[in-house]
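Working notes for the structure below.
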Amino acid sequence: MTSPPNDARPAGPGHLDEMTCMLYLERQLERSRALEVSAHTQSCDSCRTLLRAMERESRLLTRAMLEEEEPLPARIASFQERVRRSMQWIWMVAFGLGATAIYAMYTSYIEPVQTRMEQAGFGGTSLLSMLIFQGSFWNGWQSVVSLVEVLALVTIAGFALAFARKRIRRGSALALVVAGICGLFASPQPAAATEFRSGASIEIAKDETVKGDLYATGQDISIDGTLDGDLIAWGQEATIRGHVTGDVILFVQSARIEGQVDGNVRGFCNNITVTGTIDHNLMIWAQVIHVDSRGSVGRSITSFSQTLGVDGKVGRDMLIFNQSTRISGTVGGSIDERSETLTIEDSAQIDGPVKFEGEKEPHVSKKAKLASEVKFTQHVRHRQEFGKSSAFWAGVLAVAFALYGMVLFLAMPAFSQEAVQSAENIGASLGLGLLVFFGVLIGSIIAMCTLVGLFVGFSSLFVWLIAVFAAQPVVGALMGQWILGRTKETWPLIGRMMLGVFIIRIATLLPHLGWLIKLGVVLWGLGAISLALYRRFQPAIAAQAPYVPPSAPLTPAGGAAA
Amino acid sequence: MDVQKPGRMSTAETRESGEIVARARAGDAEAWGELYREFAPAIFRFCRRALPTREDAEDATMEIFMKIRDKLDQYDATRPFTSWLYKVSANHCWDMLRRRKIRQDKETDDLETLPLEHPDPNQLDQLIEKRTSEEVRKALDKLGARARMALVLRYYSDMSYDEIADSLGVRRAFVGVVLLRARHELRHALEGTGAMAAGGVR
């Protein structure tokens, strides 16, 4: 054991050793020894130079370490929000609002709609058609609008309060979302000429003429007179016996067009019958579409339905995605059909080519007048195979998701990184995800109900869909990172994402729990993407961290001057 | 020394941050946010100097603040907050490095032998003269974990020898040796070769 360094004595011929110099500089020597050193340096050039050199060394070290050669990483700047307890209530509010919205939606709309749908013979329809058709059953959009409005208002009030207290920074992400939803509400504000009518039954009498668009919600909507504009109808039944000079947009259970429509007819219905004349196109999602022998469509028909019957006249082409189709009327153009069955009857006349992709051979009457033979492509029923080898299809789906993720990650490498990073913020992501998932969905559907908001609604729904599908790759990448470690490069991240996506897909195969996992992953990923998007538009976050001057790492500006 | 000793605050500032700490301890989220904003940059830089990679430093910074939040009621308000903060940070980083079993062979040797040479002062002067901060930072990266940590604790955090001894787990009497050895290592690294390193290290 050697003696402690404090007792170090000069080395060599009367010179101070390095240790003594350092301890002297750092004021670690006893007073008597320090005085000796001080006296020695008065007379010894070499020791004085050494002392000075070591002092410079200390300064160089301090300066090198204190210099801020790189900015504070955004991750650290944003981490603040995570450790701030104040943020927790924001997410609690978000969860609360989300849960309330879901509960309210379920009890007020989905449940009664389900029962009514079954009564109305809609049993076994998909979720999409349920969402679409529920419009014809519920108490009117007003109630939904007010529900979401209340939610939005409550949230906005919360944020206003919070902003006033200067407590929120990142929390305004939610405000952005809410503002977005409100924007969606605001954008479809009606044009001045639009007339609103609602009630159990809405009628434009035979000799009545309405100028401008009509937005009608009610049980029975009948147009016997003339409507010089567009008709947007929400309700149970809509009948047009009179004349509509513009377009007709329908969200009704059953529709009859017996009169004249100069524009297009579009909509979602349970059943629609055309016995009158539509000058332009007919585009319908419905269970049953029937163009009567007296009915005619001037241009094309686009149909997504269970059964379509055309006994009347179609001016141009038909694009059909159906279960079964029967044609006995006249079609001026071509037919492109994907469905299970196609029947072309005796009296049919088709002037263009007929392409049919289906499971069974089409029934084509020999008496029918066709421009050319029906081109038939046989389809195999995938759904049955799916049931037989679900593992195989799950694999295919996993590959599809991984590839989708790869394309997205390659297209937007920086943003993907940010999204994956945001996903680490699980609470915030889930909360925001919940809000965006339902908020944007409801907002878009509402926006789509009106002509002005149609585009806004469609585009936001489109973006929303992309994000919903991208949620799995984002969460997958995070899980991959948990397993294989963090990375900043694109390809290694894609590798991790693929691993994660496969794990998620396997987890979703679990009975009972699978769908819950899927929903959780979608909400989480969607929230992460939204959070990353929000951060993209808030680049100043890193700059919010106060500048800490090099001379004093732990003192804010004031200390630097000292 | 005319260099401002870093890491120590004036009494007024200490009092001010003492108030913030007190509020944060009482559960005031705003105070906690203030604390984070004020100290996160310094702690990040501390970790950046002491740990091998930027990612490590980022992770460590966040972990340290999580720790601090949990341990805030253990802080003795009569002592400066910053020393406590650095102590927690130093312990965290040192644990992290030790867990990883970063090679410590350089550090376990000859702590007991004192370097008592009187190096050529002009040579040392020249070596220091030409170096930029950037070069020093690069050289720091090449040091052994303990040497690097010791220099950071002393010249960045301005810790006392007692505090350094406590953090690194060495006896108080040998802190000087660790520091001087670290300086030698640094000179070595700055030189590239060891030929000119003042102090005649190994």
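In the order they appear, the protein sequences are chains A and B. Numbering-wise (the numbering used here), the first sequence opens with residue -10 and increments by one. Numbering-wise (the numbering used here), the second sequence opens with residue 280 and increments by one. C-beta: ideal position from N, C-alpha, C; glycine also. Here the structure is a predicted model, which means the values were calculated and not measured.
Cβ-based neighbour list, residue i, same chain, cut-off 7 Å, excluding 5 preceding and 5 following
i              : result
residue 418(A) : 411, 412, 513, 516, 517, 520
residue 497(A) : 503, 506, 507
residue 333(B) : 327
residue 463(A) : 408, 409, 412, 514, 517, 518
residue 299(B) : 310, 313, 314
residue 360(A) : 339, 340, 341, 342
Cβ distance (whole Å) where residue i is taken to contact residue j below 8 Å
i              : j              : result
residue 341(A) : residue 318(A) : Going by Cβ atoms, the distance from residue 341(A) to residue 318(A) rounds to 14 Å, so no, they are not a contact pair.
residue 224(A) : residue 206(A) : 6 Å
residue 281(A) : residue 301(A) : 6 Å
residue 440(B) : residue 17(A)  : 6 Å
residue 26(A)  : residue 38(A)  : That pair is no contact at about 14 Å.
residue 278(A) : residue 308(A) : With a Cβ gap of about 13 Å, residue 278(A) and residue 308(A) do not count as contacting.
residue 345(A) : residue 331(A) : 5 Å
residue 446(A) : residue 456(A) : Incorrect: roughly 16 Å between the Cβ atoms, too far for contact.
residue 65(A)  : residue 337(B) : 6 Å
Cβ-Cβ distance between residue i and residue j below 8 Å
i              : j              : result
residue 13(A)  : residue 23(A)  : yes
residue 425(A) : residue 467(A) : no
residue 368(A) : residue 350(A) : no
residue 314(B) : residue 301(B) : no
residue 11(A)  : residue 43(A)  : yes
residue 296(B) : residue 52(A)  : no
residue 399(A) : residue 479(A) : yes
residue 40(A)  : residue 415(B) : no
residue 371(B) : residue 7(A)   : no
residue 558(A) : residue 228(A) : Residue 558(A) lies beyond the residue range present for chain A, which begins at -10 and ends at 551; the question has no answer from this structure.
residue 193(A) : residue 209(A) : no
residue 403(B) : residue 429(B) : no
residue 61(A)  : residue 323(B) : yes
residue 432(A) : residue 449(A) : yes
residue 35(A)  : residue 4(A)   : yes
residue 462(B) : residue 46(A)  : yes
6 Å Cβ shell around residue i - same chain, five flanking residues per side excluded
i              : result
residue 289(A) : 270, 305, 306
residue 431(B) : 328, 329
residue 376(B) : 424
residue 391(A) : 487, 490
residue 421(B) : 468
residue 379(B) : none
residue 221(A) : 204, 238
residue 464(B) : 422, 426
residue 268(A) : 251, 287
residue 364(A) : 344
residue 465(A) : 486, 489, 490, 493
residue 554(A) : This structure leaves residue 554(A) out entirely; chain A is present only between -10 and 551.
residue 187(A) : 206, 207
residue 403(A) : none
Proximal residues to residue i (C-beta, below 8 Å), its chain only, five neighbours per side dropped
i              : result
residue 234(A) : 215, 216, 217, 218, 251, 252
residue 184(A) : 199, 201, 202, 203, 204
residue 460(A) : 422, 510, 511, 512, 513, 514, 515, 517, 518
residue 354(A) : 333, 334, 335, 337
residue 458(A) : 390, 393
residue 367(B) : 343, 346, 347, 350
residue 386(A) : 494
residue 476(A) : 470, 482, 485
residue 307(B) : none
Output, in sequence order along the chain, the residues in the segment 476 to 490 of chain A whose CB is closer than 7 Å to any CB in chain C.
This model lacks chain C altogether, as its protein chains are A and B.
Using a Cβ-Cβ cut-off of less than 9 Å, give me the residues of the segment 35 to 47 of chain A that come near chain B, in sequence order.
The segment 35 to 47 of chain A vs chain B, Cβ under 9 Å: 35, 36, 37, 38, 39, 40, 41, 42, 43, 44, 45, 46, 47.
Output needed in chain order: residues of the segment 316 to 336 of chain B with a Cβ under 9 Å from some Cβ in chain A.
316, 317, 318, 319, 320, 321, 322, 323, 324, 325, 327, 328, 333, 334, 336
Near-chain A residues of the segment 431 to 461 of chain B (beta-carbon distance less than 9 Å), N- to C-terminal order:
Residues of the segment 431 to 461 of chain B whose Cβ lies closer than 9 Å to any Cβ of chain A, in chain order: 431, 433, 434, 435, 436, 437, 440, 450, 451, 452, 453, 454, 455, 456, 458, 459.
For the segment 415 to 427 of chain B, which residues have a CB atom closer than 8 Å to at least one CB atom of chain A, in sequence order?
415, 416, 419
Is the segment 433 to 448 of chain B touching the segment 340 to 348 of chain B in the sense that three or more CB pairs, one from each, lie closer than 8 Å?
Contact between the segment 340 to 348 of chain B and the segment 433 to 448 of chain B is absent, because fewer than three Cβ pairs lie under 8 Å.
Would you list, in chain order, the members of the segment 293 to 309 of chain A that have their beta-carbon closer than 7 Å to a beta-carbon of chain B?
none
Please list, in chain order, the residues of the segment 337 to 361 of chain B that have any C-beta partner in chain A closer than 8 Å.
Within the segment 337 to 361 of chain B, the residues whose Cβ lies closer than 8 Å to some Cβ of chain A are 337, 340, 341, 344, 345, 348, 361, listed in chain order.
If you measure beta-carbon to beta-carbon, which residues of the segment 365 to 381 of chain B are closer than 7 Å to chain A?
none
Between the segment 394 to 408 of chain B and chain A, which residues of the former have a C-beta closer than 7 Å to a C-beta of the latter?
Along the segment 394 to 408 of chain B, going in chain order, the ones with a CB nearer than 7 Å to a CB of chain A are 394, 395, 396, 397, 398, 400, 401, 403, 404, 407.
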